[in-house]
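So the sequence shown is numbered by my numbering: it starts at 755 and just counts up by one. A virtual CB, placed ideally from N, CA and C, is assigned to each residue, including glycine. Being a predicted model, the structure only gives us computed values, none of them experimental. This report refers to the structure that appears directly beneath it.
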Amino acid sequence: MLMAEEIASWQSAFRRECTIRRAVILHGNVVDVVPSAQQSGTWGTSKDAATQILREIGFSHVVAWDRVHGISGVSDTVWRLLQAATVPSTATENRPVTGDEYDIPDRLPAAKAPSSGNTKVSPDDFLATAATHMRQNTSPERVAFVVDWSQYLFGSANSLTEIERGWMLRIGQAVRDASVSTAQDEMKRAQPLIVFIAEGGLTVPPALYLNNPLFKVVTIPLPSRSLRQETLLRLAHVLHVVPAIAPHSPALTELTDALEGVTLRDILNLARLSRQAAEATGIDALVSLYKYGSRHSPWEQLDRTKLADVKNTLGRRVKGQTEAIEAVSRVLIRAYTGLSGLQHSVRQRTPKGVLFFVGPTGVGKTELAKALAHFLFGDDEACLRFDMSEFNHEHADQRLVGAPPGYVGFEEGGQLTNAVKRRPFSLILFDEIEKAHPRILDKFLQILEDGRLTDGKGDTVSFSETVIVFTSNIGAASVNPDDPDVRSAFVEKVRNHFVKKLERPELLGRIGEGNIIPFNFIADESFLVDIARVKLEPLRQRLKEKWGIAKVEFEDETRALTAIVRQVDRTAGGRGVPNAMTTQLFDPLSQFLFDQLTHAEAATGRSLIVAQAGTTVHFDFQLL
755 MLMAEEIASW QSAFRRECTI RRAVILHGNV VDVVPSAQQS GTWGTSKDAA
805 TQILREIGFS HVVAWDRVHG ISGVSDTVWR LLQAATVPST ATENRPVTGD
855 EYDIPDRLPA AKAPSSGNTK VSPDDFLATA ATHMRQNTSP ERVAFVVDWS
905 QYLFGSANSL TEIERGWMLR IGQAVRDASV STAQDEMKRA QPLIVFIAEG
955 GLTVPPALYL NNPLFKVVTI PLPSRSLRQE TLLRLAHVLH VVPAIAPHSP
1005 ALTELTDALE GVTLRDILNL ARLSRQAAEA TGIDALVSLY KYGSRHSPWE
1055 QLDRTKLADV KNTLGRRVKG QTEAIEAVSR VLIRAYTGLS GLQHSVRQRT
1105 PKGVLFFVGP TGVGKTELAK ALAHFLFGDD EACLRFDMSE FNHEHADQRL
1155 VGAPPGYVGF EEGGQLTNAV KRRPFSLILF DEIEKAHPRI LDKFLQILED
1205 GRLTDGKGDT VSFSETVIVF TSNIGAASVN PDDPDVRSAF VEKVRNHFVK
1255 KLERPELLGR IGEGNIIPFN FIADESFLVD IARVKLEPLR QRLKEKWGIA
1305 KVEFEDETRA LTAIVRQVDR TAGGRGVPNA MTTQLFDPLS QFLFDQLTHA
1355 EAATGRSLIV AQAGTTVHFD FQLL
């Protein structure tokens, strides 16, 4: 029976509170559908379910109102009679009004058909009518009033208008001044009630309901795993996927887990999407198409042959870090085989991989992250870099996820959440993590633990298709480069930083000590030469694109590059190599091209010869 625990739970709570309170705020996942408990294959809204419950507990009429459609749920006749108890008829407004004219009739006419919703009523008139009936408790028929889409009734709680404060006063007084009876029969009957239905977070001003025993907040949660699974089984006959969904099948488990954090409406949409193609769609492809608009996930395209060559691919860009590249390849293989994140929970959609690069400056940490992004997603731009030195103040977390409603910058959203929305398949690089404010660490913990973040607008952003990379210089100033076990020394420094300095061992636990990847000091001149050689490739490509130069040849490339890297400060690692290349080679070459080439076609098809004067860093150029 598709009445899973959390549906029964919120409906049971709503039913209970509506019998003892005078006002109930129903919020959360209210825009979702609710499966019918009576009729298989039918779905209703949360408002429909709430209305049905109100009728079942004894309310003869449930009057719903919203700003656009006005009154619904009762006939125009019933609404006019309800309103007549509040406002005297205009035909008799000039004669004295007796008290009887404000009384509710003993019996309101039954609404054979609900109103079409065309009765336009202002908030003032609706709340005035509701307030009158809330205070009166003499009619044999009880009326419940429902404010639908109540998030659009009030503005920000910090800047309410005079009119909005008047509405609050009217509601608060009506609830407070409602008559109280302790008669046994009355204790069993429903009391006049007002219900606010609000999407998402609580938008009713807190001053109205906080510490008020006459109000109660009931939350509709997102579907749990069991409800998602039951819904998929119910839709198995229309889900056009391979392998087919069946009870206790691996396909059912896979799809259920892939849809963590979605609504039942999302699952219905997914079923509809699956019927758009002539042939059945794979589960991963269908979920990727629905969530990200792309049928093909880069993770599906990560084939065995490509992965087998990952060490060579990364090694062409990052020199002198064989052990680090080896460790990265292990993480990728773990993600490829679907075994990443098992130490936490098989049901969590955590990031595909988490890496913590630690080592001295200029040894290739950032370059390896970019190379990894290119390997996985085909583009260096898929590396979303965040310099943590820019997030070292107390409220820096708001830059990542967005400011709360009512604060400056709310409309812009968060830099991190916006970036992941734009590129869900990406590598997220948090550079120099030790410089971030400690409050930022809570966001990291949430990403690593839950695989998602909720931004300031209330949107949930998934990180399940990302790789998270942290870089750090922790220990670089104190670890001895000549230590034979320098890698273990770096790991110990990272452990002490999280456990003793930050006192956040849980964050280290989520990263995993096995994912801490130390980088070697670069002291060997040959490594610097290899780095310089890598930097020649963009030069050759640019000269070919811009000037049509077919080849760039050195009389002795290794000797020339050795002369250049000897100008580099070794304490900066490989970071000084590009600067030395620019000063000693690129700048003189730029001047040569400017002096010799009067038009773009002058060098087309020719070769550029680079000659070196002995072992110096002076170069002569010639076009042949």
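Where the beta strand (DSSP E) containing residue i begins and where it ends
i	result
G1069	Careful: G1069 lies outside any beta strand (DSSP E), inside the alpha helix (DSSP H) at 1064-1069.
P789	787-789
W833	Note, W833: premise wrong, no beta strand (DSSP E); alpha helix (DSSP H) at 830-838.
Q1366	1361-1366
Residue i versus residue j - alpha carbon distance
i	j	result
K1106	T1225	17 Å
D726	R1258	No statement about residue 726 is possible, as the shown extent of the chain runs from 755 to 1378 and does not include it.
N1066	V1288	14 Å
Y712	A838	Nothing about residue 712 can be reported from this structure: the residues present for the chain run from 755 to 1378 only.
E1291	E1077	24 Å
R1360	F1281	31 Å
R1070	L1122	10 Å
R776	L1199	40 Å
N1227	E1188	8 Å
P1342	S1048	47 Å
A961	K1211	22 Å
R1294	L1130	25 Å
E1135	D879	56 Å
I1265	V1221	12 Å
S766	S978	17 Å
D1349	F1375	12 Å
E855	H887	Summary for E855: the model assigns pLDDT 40, below 50, so the residue's position carries little reliability; its value from the coordinates is reported in the next sentence. The straight-line gap from Cα to Cα measures roughly 14 Å.
V1371	K1255	46 Å
P859	K942	At P859, the pLDDT of 48 sits below 50, so the modelled position is not reliable; the number obtained from the coordinates is stated separately. The straight-line gap from Cα to Cα measures roughly 22 Å.
T1104	E1267	17 Å
L1061	G1132	13 Å
L947	W819	14 Å
W903	T973	15 Å
S843	S910	With a pLDDT of 38 at S843, under the threshold of 50, the modelled position of that residue is not reliable, and the figure given next carries that caveat. In a straight line, the C-alpha of S843 is about 36 Å away from that of S910.
F1244	G1113	7 Å
Candidates the options, of which the one nearest residue i by Cα
i	options	result
E1279	L993, V1248, N1250, L1315	L1315
I1079	T1091, D1057, L1109, H1050	L1109
S876	W764, E918, T1035	E918
G782	D939, G1205, T1017	T1017
L1022	L986, W764, L1043	L986
E940	T773, R821, K874	T773
D1284	R1313, K1300, I1303	R1313
C1381	L1061, I1182, E1148, W819	Limits of the chain in this structure are 755 at one end and 1378 at the other, which puts residue 1381 out of reach.
A885	D902, W921, G909, S913	W921
Q905	S978, F950, L1009, R1296	F950
E1311	T1369, E810, W1301, R1296	T1369
P789	G1074, R988, L1362, H1147	R988
A1365	F1308, L1339, A1334	F1308
S1180	V934, I811, S1051	S1051
I1363	R1249, V1306, G1330, S1344	V1306
R1177	K1045, V1117, F1244	K1045
E1388	A1190, H1128, T1352, L1170	Since the displayed the chain opens at 755 and closes at 1378, residue 1388 lies outside it and no answer follows.
E1223	A1354, F1111, H1128	Before going on, a small fix: residue 1223 reads as Val here, not Glu. Residue F1111 is the option with its Cα nearest to V1223.
A1367	Q1338, L1377, K1300	Q1338
W1053	A1127, A990, V901	A1127
Cut-off 6 Å between Cβ atoms - residues of its own chain near residue i, not counting five sequence neighbours on either side
i	result
L808	V816, A898
G1168	L1154, V1155, G1156, D1209
A753	With the chain covering 755 to 1378 only, the question about residue 753 has no answer from this structure.
R1320	none
G824	T873, K874, V875
Cut-off 8 Å between Cβ atoms - residues of its own chain near residue i, not counting five sequence neighbours on either side
i	result
V1240	V1233, N1234, P1272, N1274, F1275
V1041	L1009, A1012, L1013, L1024
E810	R769
D1063	none
D1196	D1151
N848	At N848 the pLDDT is 40, less than 50, meaning the model places this residue with poor confidence; the figure from the coordinates comes in the next sentence. Correct list: empty, nothing qualifies.
For residue i, the first and last residue of its enclosing alpha helix (DSSP H)
i	result
L1297	1279-1301
P1332	1330-1335
E1247	The amino acid occupying residue 1247 in the given sequence is Lys; Glu does not appear at that position. First-last of the alpha helix (DSSP H) with K1247: 1240-1250.
T1312	1311-1319
Contacts around residue i, its chain only, beta-carbon distance under 7 Å, and the 5 residues preceding and following it disregarded
i	result
F908	L914, E918, T957, V958, P959
Y1090	L1056, L1061
is_contact[residue i, chain D] using C-beta, thresh 7 Å
i	result
R1241	The structure shown contains no chain D; it holds only a single protein chain.
Meets three-Cβ-pair contact criterion under 8 Å: the stretch 1013-1025 and the stretch 977-994:
yes
Could you tell me whether the stretch 1034-1047 touches the stretch 982-1001, where touching means 3 or more Cβ pairs closer than 8 Å?
yes
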